[in-house]
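Heads up, the thing below is written out as structure tokens.
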Amino acid sequence: MTNTPQTQTLRVPATPAGRALAPDLARGAMLLFIALANSANVAFAGQPGIDPAPTGAGRVLNAFLLTFVDSRAYPVFAVMFGYGLVQLARRHSAAGADPRPVLLRRNAWLVGFGLAHATLLYFGDFLGAYGVIGVLATLLLLRRGDRFHRIVLWLWGATLGYALVLGVLLAVRLGGDTGGHATLTNSPNPSLAATTYGRSLLDRLAEWPAHTATVIPVIVIVWLGMWAARRRLLEDAAAHVALLRRVAVGCLAVTVAGAVPYALVGAGLVDVEPGTVDLMALVHAVSGEFGGPGYVALFALLALRFGRAGTPWVGVLAVSALGRRSMSGYLFQSVAWMALLSPWALDLGRHGGTAFVAAGIAVAVWLISVAVAWRLDVRGVQGPAETLLRRLAYGPRVRV
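Every letter in the sequence shown is one number past the one before it in the working numbering, and letter 70, counting from 1, is 533.
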């Protein structure tokens with residue numbers, strides 16, 4: 464009688480051949496917007512990271528960042544995080560394993576990654592918050608039925624109504640505004656203005672918990688990503704073109720319309736009272752959540768077009784390679800901001816034209832990360848952060 468060794472639970476991370484293009488393309492491309500936002504935060508030592516006294520082309524840059532980038536890039540990763548949770552769970556379930564233990568370990572380690580990232584590099588960390596959200600979603604949402612998940616549509620409907628009500632209030636307020644001298648300024652972050660690394664580290668330890676607490680409510684957007692994954696909207700985009708078009712047009716219209724008043728003030732083109740600026744900021748933040756599903760749907764349609772045209776361009780494949788290594792790319796950016804823009808390091812932003820210096824550095828760092836990711840992809844090598852997280856979450860590799 465031959466002894467047959469027991470095989471351990473099959474744990475096989477997805478290979479590029481088995482992945483849809485849209486999620487990776489969205490993550491890789493939107494890392495450019497993350498770079499533009501975060502490099503500006505570091506350069507101006509505060510948020511939202513805009514030139515407080517723009518002139519000429521600086522007005523255009525401020526308007527662009529406030530309309531399309533700030534509060535509009537990170538919701539994309541929230542949607543994709545929820546989508547990825549369901550994809551991981553589906554793979555483990557197909558292998559006959561309960562996905563929850565691995566997902567709980569993975570997200571618990573993600574909290575640790577976030578703490579290390581925030582402490583050592585950049586206070587504005589999202590990894591820790593996503594880890595907390597991932598634990599909650601795994602325990603509370605993952606095994607719910609379709610009927611229960613439909614509530615996400617009602618939540619989004621309520622948010623849309625809230626945004627519209629705020630828009631009406633803003634219109635009324637602007638109609639009675641007699642003018643003022645309020646302009647947008649950057650809310651300071653001590654860790655970004657610290658003159659030594661040690662001081663910045665202590666400041667980040669104090670800033671990270673509060674920042675993480677403000678991010679956790681985006682579980683609603685993560686939930687939306689889970690809902691989309693249950694219907695395979697990105698893997699089977701061709702079957703959902705009409706829905707994706709409605710989401711792209713509708714959500715991006717809301718997010719742009721909600722940003723325009725605040726962007727006009729940031730560009731120095733509108734002068735309003737301080738109370739009105741506060742209301743504009745609220746509308747800007749709420750409407751920014753719609754950028755997540757809007758951008759994701761847009762990239763899904765673009766990926767579908769690239770697929771129909773045959774083999775995507777090398778540039779598209781390279782950006783998608785970065786999307787498969789998005790956590791490594793994200794952490795690489797934080798290292799770059801610290802080395803290039805921190806007051807105690809090279810402090811390149813101290814020279815004239817800080818906003819353009821920060822934007823130029825952001826584009827350069829993103830291009831470098833795309834090139835490195837493409838090189839790793841050609842060699843079949845995963846990103847270092849992804850490799851470490853998988854080893855911690857999955858344990859020793861098993862040959863099956």
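Built from N, CA and C at the ideal position, the CB exists for glycine as well. These numbers were taken from a predicted model, which means no experiment stands behind them.
Is the distance from the Cβ of residue 667 to the Cβ of residue 582 below 7 Å? Working through the sequence shown from its first residue, we reach residue 667 at position 204. Working through the sequence shown from its first residue, we reach residue 582 at position 119. The answer is yes: Cβ separation under 7 Å.
Which of helix, strand or coil does DSSP assign to residue 650? By one-based count along the sequence shown, residue 650 stands at place 187. Here residue 650 sits in strand by DSSP.
Could you check what DSSP says for residue 550 in three-state terms: helix, strand or coil? Within the sequence shown, residue 550 is the residue found at index 87, counting from 1. Correct three-state label for residue 550: helix.
Taking the alpha-carbon positions, what's the residue 540 to residue 819 distance? Translated into the one-based positions of the sequence shown, residue 540 becomes position 77. Translated into the one-based positions of the sequence shown, residue 819 becomes position 356. Straight-line Cα distance between these residues: approximately 25 Å.
DSSP state of residue 519 mapped onto helix, strand, coil: Position 56 of the sequence shown, counted from the start, is the residue given in the question as residue 519. Coil at residue 519, not helix or strand.
What is the rounded straight-line gap between the Cα of residue 483 and the Cα of residue 732? Position 20 of the sequence shown, counted from the start, is the residue given in the question as residue 483. Position 269 of the sequence shown, counted from the start, is the residue given in the question as residue 732. Near 43 Å, if we compare the C-alpha coordinates of residue 732 and residue 483.
Determine the direct distance from the alpha carbon of residue 856 to that of residue 568, and round the result to whole angstroms. Here the question's residue 568 lines up with position 105 in the sequence shown. Here the question's residue 856 lines up with position 393 in the sequence shown. In a straight line, the C-alpha of residue 568 is about 5 Å away from that of residue 856.
Going by C-alpha distance, which of 574, 744, 521 and 751 is nearest residue 675? Mapped onto the sequence shown, residue 675 falls at position 212. Looking at the Cα atoms, 574 is the closest of the given residues.
Which residues does DSSP pair with residue 509 in a beta bridge? Within the sequence shown, the letter at position 46 stands for residue 509. In the DSSP output, where bridge partners are listed per residue, residue 509 has 651.
What is the C-beta distance between residue 545 and residue 685, in whole angstroms, given that I count them as a contact (C-beta under 8 Å)? What you label residue 545 is simply residue 82 of the sequence shown in a count that begins at 1. What you label residue 685 is simply residue 222 of the sequence shown in a count that begins at 1. Indeed they touch by this definition, with Cβ atoms about 4 Å apart.
Just the Cα atoms here: how many angstroms apart are residue 576 and residue 593? Residue mapping note: residue 576 aligns to position 113 of the sequence shown, counting from 1. Residue mapping note: residue 593 aligns to position 130 of the sequence shown, counting from 1. Using only the alpha carbons, I get a separation of about 11 Å.
Restricting to runs no shorter than 4 residues, where is the alpha helix (DSSP H) found entirely within the region 797-853? 817-842
Work out the CA separation of residue 501 and residue 671 for me, nearest whole Å. Residue 671 sits at position 208 when you count from the first residue of the sequence shown. Residue 501 sits at position 38 when you count from the first residue of the sequence shown. Roughly 15 Å between the two C-alpha positions.
Look at the alpha carbon of residue 843 and the alpha carbon of residue 740, and state the distance between them as a whole number of angstroms. For the purposes of this step, residue 843 is taken as residue 380 along the sequence shown, with counting starting at 1. For the purposes of this step, residue 740 is taken as residue 277 along the sequence shown, with counting starting at 1. If you take the alpha carbons of residue 843 and residue 740, they lie about 50 Å apart.
Locate the alpha helix (DSSP H) running through residue 703, then write down its first and last residues. Residue mapping note: residue 703 aligns to position 240 of the sequence shown, counting from 1. From DSSP, residue 703 is part of no alpha helix (DSSP H); its letter is neither H nor E.
Can you find the residues in the same chain that come closer than 8 Å, C-beta to C-beta, to residue 862, ignoring five residues on each side of it along the sequence? Taking the first residue of the sequence shown as position 1, residue 862 is located at position 399. Below a pLDDT of 50, predicted positions are generally treated as unreliable, and residue 862, at 39, falls in that range; the measurement from the model is reported next regardless. Result list for residue 862: empty, nothing under 8 Å.
Take the Cβ of residue 466 as the centre, count every other Cβ of all protein chains shown within 10 Å, and call the residue buried at 16 or more, exposed below. Taking the sequence shown and counting its residues from 1, one reaches residue 466 at position 3. Since pLDDT at residue 466 reaches only 43, below the 50 mark, its modelled position is unreliable, and no value is offered.
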